[in-house]
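In what follows, a structure is listed as structure tokens, so that the remarks can point back to it.
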Amino acid sequence: MRYRGFSLLSVEAVNGLRPVLRVSALAQNGERIDHFEVRRGV
């Protein structure tokens, strides 16, 4: 499958005792088309 167009990556970082990095891919119309979270293990 070939994607025609572009997407914007939105990145949110949360610090603290349980830091999280949230990444979302947004379509041209603002709809979230994909996302993932990275969490640091303790």
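Under my numbering, the first residue of the sequence shown is numbered -8, with each subsequent residue one higher.
Cβ atoms here follow ideal geometry from the backbone N, Cα and C, with glycine treated the same way.
From a predicted model like this one, the values you see are computed outputs, not experimental measurements.
DSSP places Arg30 inside the beta strand (DSSP E), whose first and last residues are Arg23 to Arg30. Each residue's CA atom was taken as its position, placing Glu22 and Ser1 some 12 Å apart. Boundaries of the beta strand (DSSP E) harbouring Ala16: Val11 to Leu17, taken from the DSSP string. Judged by their CB atoms, Glu28 and Arg13 are nearer to each other than the 7 Å cut-off.
In the DSSP annotation of this structure, the continuous segment of the beta strand (DSSP E) that includes Leu0 starts and ends at Leu(-1) to Val5.
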